Every structure is written in C-alpha cells, then in structure tokens.
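Numbering-wise (the UniProt record's numbering), the sequence shown opens with residue 1 and increments by one. Working notes, beginning with the structure itself.
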Amino acid sequence: MMCLWANAGMVILISMSFTAVFAASADEWTKRSIYQIVTDRFALGNGSSPSCDTSEKKYCGGNWQGIISKLDYIQSMGFDAIWISPVVENIDGAMSGDKAYHGYWTQNINSLNANFGLADDLISLSSALHDRGMYLMVDIVVNHQPQTFDYSLLQPFGGADCFHSECFISDYNNQTNVEQCWLGYSGLPLLDLDTENSTTVNIMYNWIKNLVSDYGIDGLRVDTVKHVRKDFWPEFASSAGVYTVGEVLTGEVGYAAPYTEGLDSILDYPTYFAVQKAFINGVSGDMATIAEIFTEAQKQYNHGAFYVGSFVENHDNPRIQSTVSDQSIVKNVITWPFINDGIPILYYGQEQGYQGGNDPANREALWLSGFDENKPLLAQIKNLNAARKQAISYNPSFLNNPVTFIPQASASSTLAISKPPLLALLTNGGSSSTESWSIPSSAGLYNANETLVDVLTCDTVITGSDGSLSVTTSQGLPKVLMPAKSLSATGSLCSTEAERSSGANRIDHQ
C-alpha cells in the first residue's frame, strides 16, 4: 500500500478567522514563565472533584473548560503562559490496558480529542488566555502513532508505507536506529512515522501551520525530537511560525546542541540531570556540576541558553519530593528555573508539594489539592516569578546577558549565580546546615554599603565598604538577592524595603 493522503472519513480542521497569535518568536517567549498542565489531571469545567487513581492510567475528566475556570489560580502565581497536553484525537480503546489520557497516542492529527472538549472549547481557552495577556503552548507529537493494526484509523496517513518498517530501538548510539526504529515494545508498539517520505513530510508541515492558525496557538512543545532526522525540523518550525521548544532526552550538551539549530530551542535536559544529581544526592552531590553543564550549554546551544525551557519536574520524570523530603532542598531546587538564562517552566502540582514518583504516579489530579493558595512552595514560586519580572523591567539587558557563576570555597555544596539585578545563592546542605557565600568586590556587582533584599523573605543584607558581600544562611534555605533600589515601592515584592531605599540611585544601564 502506498503512503497517500487519506481523505476518506477525515475530519479537516476548519479554517476560521481567529484572533492573531501573540508571539511568533522566541524573543517574545523569553519574557514569559510557563505553567505545564496535563489537561486530564488539572481541572473539570463543571467544578467537580472525582476520584483519580493514577495507577489505573485512565481518563479522570480534566478538560479545556476546567483550565479556563482556573486561570486566576495560574495567573496569581505569576505565570503568563501555559503548556497543555497534545490536543489531537487519540485512540479511543485501551493499549495494554491503558487509556490515552495523556494525549501522546495520536489517531487523527486533523481532529481534536473529544475527552478534552470541542473545537469551541479550545478556541475559548486560547481567547481567555489572550484576553489576560497570556500565551498558549500546545504539546505535539510528530515522531510516532500507536499501532492499532488498522492503518486506515491513523488519519490522514494512507497506509503502512507512511511508517518505517517494524524494528524497536535497540542501540541509542546508532542515530539511524534512533530515528527510524520504533519506540515502545511488543506489548505497546509506537509506529515510527516515515519522515523521509515527502508525502508524509508535506502532511506534517501543512498540519502544523493549520493547527497553530486555527486555534490561536502561541508556541509548541515538540515531543521526541531526537527520533526524527534533524533536517526535518527547520521547515517544520517555519511552517508553525511560532516558538518551538523540543524534547531531546539526553544528559549530553554536545548531543543536544544541534537540535537548537532546527528548532528555536530545547528543554534543557542536560542541566536538569545536573540539578538532579547535585540536589537529590544531598551533601554528596556536587553543585559545581550545575555550573559546568550550564556553562557548556551557554557555549554550544544556538542563542546560548536564552531560549531553552528550564525545568526541574515534568510528566515524564519523578517529582522532586518522591525522593527528597527535606523542604530546604526542595526550595533550592525549585528556585533554579527562575534565576538562570532560560524560560522557567513549572510542572502543575509542584506548587502543592505533590510527591508522585515515576509515570504514572507523577500525573496526579490537581483538583484533589483544592487549589490551596496557602502552600509555602506556592508562595515561593509567586515571589520568584515576581522577582524575575521585576528584574526584566529594571534591567533592559537582563534577558540578553548570560548568568555567571561566582566561585565559592564550598563548591560542592554552594552555588552563587549572578544575573543582575538577581544574585541567587543555592545550597544542597539541607535544613540542618549553615552555609556561607562570599562575593568579592572584584566581581563588580555592588557599590559600597549597598542594601540588598532577599526577595524570598524580604530580609536585608548590606555590602561592605568595598562592595563585597558575605552572606550566611541557616537551615539550608536559598536566597535570591536584589538591590533594594531595583524593587518597586508600589509593587508586591518587598515593597517596604524598596520604599526605604527610594532615594538611592538606579544602576547604570549604559
């Protein structure tokens, strides 16, 4: 059977006059902070809170109307963009007893997943976000579709020739094997789309152009990018016309870097693994590894690390608190995405202290938390978002100047990260530790006797007569310092300290 564009029974996305997307460039996205949502597990439009056993791997009822109903909750934490699960129609039956509640088992790319709502509901979500000045990122899958043994169901592809011949990936050191063999296993096979086939390629380029325009999508998270040939991606990204960030699952900067040429950027997995190693191992972890890996990313990624998605939890990896109970370490880890060069991404439930382990345990229903806004991690996240936005507003070069790491005597247990006007001081020592940092005057960060505010607590420290800084923290808590003069006396972030220094001179931005 030839790979033909199958029209029979196909549901075409309706072209419509729709509000223009907000952002067509990565530069616009660098100003944003993203809240990642597994649509089925976030909220129901009718406000109900059904039971949801993650081990059953079935639909629990979350939908696009549910997300709309909780935009106040998301925005109140300071997020101005959301990333939602894939929106296209998935297989309706079970595969190995599991349902496609996650959205990654595509059946028809030209139809929507009715479990999440109708076309009008997705359009309403996009419109509701845009009315608030927020962006919509949608997760997409190009690489694979589930094997249903009835190729006519996998629309709009016409037959087996649209897919690579059956072979499961056996050698991740062989790139051809990675790109042309299948993910999954015999009990759960995922057909690998033949992206060397020109018909298939044209289908995908046209599809993504229409999906973005029809539903007012502002950005795309692209699944399993390394399983598709690299030269497929530039035209795909051009067809989309919006920011594209790809999943390249690797801890090696050198392997990941070439994918930042075809797409706008990638999720920064190499640094993620370094962060996990440094913090999850506690005092036996080496904080210096974070600086080493991230510095390599800055050097090798196209556009440095400014366009990457920076994260410490997601739907594919265990939550921090599945292995770490020390809340001081948790607070340090959560701080990382908000104080480096990348675009911060927070996985839903992290703010509520969720503790799910490996998939599917890490895909808990958020409605079971009651959307409690009094949680300590939620308060910290709100402050981190506010601090980043204030830094962007105060320093016009904030988004373009790379972070630097200031060497510390205790390199294995402390990290000092400078991105003026932010100075983040992190430690993996835990709640029983007392840690110290020293910022020499030669770093050139501060004036003599300058007041700095820890935006996580609103406590203050003062630099020495030569502009140097010495800071000690108890209970292993992180600090994010900003000059008091960089804060707004009318804002929500440590405004009292800002008012006290309202007469101070602002930093020179020349």
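Virtual Cβ for every residue (Gly too), placed ideally from N, Cα, C. Nothing here was measured: the structure is a model prediction, and the numbers come from that model.
So the beta strand (DSSP E) Q145 belongs to, where does it begin and stop?
144-146 is the span of the beta strand (DSSP E), which, as asked, contains Q145.
Where are the beta strand (DSSP E) runs, 3 residues long or more, that stay fully inside the stretch 25-96, in chain order?
Fully enclosed beta strand (DSSP E) runs of 3 or longer: 34-36, 81-84, 88-90.
Taking contact to mean 3 or more Cβ pairs, one atom from each stretch, closer than 8 Å, check whether the stretch 476-483 and the stretch 409-423 are in contact.
Touching, yes.
Where does R388 sit, in a helix, a strand or coil, going by DSSP?
In this structure, R388 counts as helix in the three-state DSSP scheme.
What number of angstroms, rounded off, separates the C-alpha of Y59 from the C-alpha of T199?
Near 34 Å, if we compare the C-alpha coordinates of T199 and Y59.
For G254, report the span of its beta strand (DSSP E) as first-last.
No beta strand (DSSP E) contains G254, which is instead part of the alpha helix (DSSP H) from 253-256.
Drop a sphere of 10 angstroms on the beta-carbon of Y73, count the other beta-carbons inside from all chains shown, and report buried for 16 or more, exposed for fewer.
Under this definition Y73 is a buried residue.
Quick check: the Cα distance between S51 and N314, rounded to an integer number of angstroms?
Going by the C-alpha atoms only, they are around 22 Å apart.
So, for W83: in the same chain, excluding its five sequence neighbours on each side, which residues have a beta-carbon less than 6 Å away from its beta-carbon?
I34, Q36, M137, R221, listed in sequence order.
Count the CB pairs spanning the stretch 317-326 and the stretch 279-298 that are closer than 8 Å, and state whether there are at least three.
The stretch 317-326 is in contact with the stretch 279-298.
Note down the Cα distance separating G254 from S397, rounded to an integer number of angstroms.
Cα to Cα, the separation comes out at about 28 Å.
Where do the N-terminal and C-terminal ends of the beta strand (DSSP E) with P189 fall, by residue?
Its beta strand (DSSP E) spans residues 188-192.
Using C-beta distances below 7 Å, list every residue in its chain close to D171, excluding the 5 sequence neighbours before and after it, in chain order.
Only N177 meet the Cβ criterion.
Who pairs with Y215 in a beta bridge, going by DSSP?
Per DSSP, none; premise fails for Y215.
Does E261 come out as helix, strand or coil in the three-state DSSP assignment?
Helix.
By Cβ distance, which residues of its chain are closer than 8 Å to L445, with the 5 residues on each side in sequence left out?
Counting only Cβ-Cβ distances below 8 Å, and skipping sequence neighbours, we find S418, P420, L423, I439, G467, L469.
Alpha helix (DSSP H) containing N177: first to last residue?
From DSSP, the alpha helix (DSSP H) with N177 extends over 175-180.
Where K226 and T472 are concerned, what is the direct C-alpha to C-alpha distance, given to the nearest angstrom?
Using only the alpha carbons, I get a separation of about 43 Å.
On the premise that E235 lies in contact with W205, defined as a C-beta separation below 8 Å, what is that separation, rounded to the nearest angstrom?
One point to set straight first is that residue 205 is Tyr, not Trp, in the sequence displayed. With a Cβ gap of about 6 Å, Y205 and E235 count as contacting.
What does the alpha-carbon distance come out to for the pair I343 and S238?
Taking the straight line from one Cα to the other gives about 21 Å.
Could you name the residues that DSSP lists as bridge partners for T246?
At residue 246 the sequence reads Gly, which differs from the Thr that was named. Note: G246 sits in a beta bridge opposite V222, I266.
Using beta-carbon positions only, say whether A386 and S492 come within less than 8 Å of one another.
Yes, they are a contact pair.
Check whether the stretch 422-436 touches the stretch 322-333, taking contact to mean three or more Cβ pairs, one atom from each stretch, closer than 8 Å.
Enough Cβ pairs lie closer than 8 Å, so yes.
Leaving out five residues before and five after C494 in sequence, what residues of the same chain have Cβ atoms less than 7 Å from its Cβ?
Around C494: V453, V455, C458, L487.
Could you give the distance in angstroms between the alpha-carbon of E350 and the alpha-carbon of F371?
Contrary to the premise, residue 350 reads as Gln rather than Glu in this sequence. In a straight line, the C-alpha of Q350 is about 12 Å away from that of F371.
To the nearest angstrom, how far is the alpha carbon of Q145 from that of V87?
The straight-line gap from Cα to Cα measures roughly 14 Å.
List the endpoints of the continuous alpha helix (DSSP H) containing P344.
Per DSSP, P344 belongs to no alpha helix (DSSP H); it is in the beta strand (DSSP E), 343-347.
Report the partner residues of M134 according to the DSSP bridge assignment.
According to DSSP, which records beta bridges pairwise, M134 is partnered with nothing at all.
Hey, how far is the Cα of D53 from the Cα of N449?
Answer to the nearest angstrom: the Cα atoms are 56 Å apart.
For the 8 Å Cβ check, are there 3 or more pairs between the stretch 389-405 and the stretch 89-103?
In short, these stretches do not touch, since the Cβ pair count stays below three.
Under a three-way DSSP split, which group does V228 fall into?
Here V228 sits in coil by DSSP.
Return yes when the Cβ of N340 is within less than 8 Å of the Cβ of T427, no when it is not.
Cβ atoms of T427 and N340: not closer than 8 Å.
Would you list, in sequence order, the uninterrupted beta strand (DSSP E) runs of no fewer than 3 residues that lie entirely inside the stretch 403-434?
Whole beta strand (DSSP E) segments, 3+ residues: 414-419, 422-427.
For Y151, does the three-state DSSP call read helix, strand or coil?
Helix, per DSSP.
Do V141 and D223 come within 8 Å of each other at the CB atom, strictly closer than that value?
Taking 8 Å as the Cβ cut-off, D223 and V141 qualify as a contacting pair.
Excluding sequence positions up to five away, which residues of its chain have a Cβ less than 7 Å from the Cβ of E499?
Closer than 7 Å at the Cβ level, and outside the excluded window around E499, lie A489.
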